[in-house]
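In what follows, a structure is listed as structure tokens, so that the remarks can point back to it.
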């Protein structure tokens with residue numbers, strides 16, 4: 587990513603499993619000036635991945 591964070595408290599808990607989702611979402615946001623109506627699907631995928639990756 588653009589920044590490295592080892593902190594689990596970061597706003598985007600970037601589990602390695604979701605790295606591709608994070609990149610796809612960020613790229614969409616960059617390419618579309620942050621248009622959530624276009625990139626919302628990517629965010630849903632990312633959230634679903636993060637939920638699945640939580641260590642419960």
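Numbering (the working numbering), first residue to last: 587 to 642. Even glycine gets a Cβ: it sits at the ideal position worked out from N, Cα and C.
So what's residue 633 in DSSP terms, helix, strand or just coil?
-> The residue you call residue 633 lines up with position 47 of the chain shown. Helix at residue 633.
Using the beta-carbon count (16 or more within 10 Å), is residue 607 buried or exposed?
-> Mapped onto the chain shown, residue 607 falls at position 21. The residue in question, residue 607, is buried, as its Cβ has 16 or more Cβ neighbours within 10 Å.
Using a threshold of 8 Å, state whether the C-beta atoms of residue 635 and residue 624 are closer than that.
-> Here residue 635 corresponds to residue number 49 of the chain shown, with the count starting at 1. Here residue 624 corresponds to residue number 38 of the chain shown, with the count starting at 1. Not closer than 8 Å, so no.
Just mark residue 588 as buried or exposed, buried being the case when its beta carbon has 16 or more other beta carbons within 10 Å.
-> Along the chain shown, read from residue 1 onward, the residue named residue 588 stands at position 2. In this prediction, residue 588 scores a pLDDT of 47, lower than 50, which makes its location untrustworthy; no coordinate-derived value is stated.
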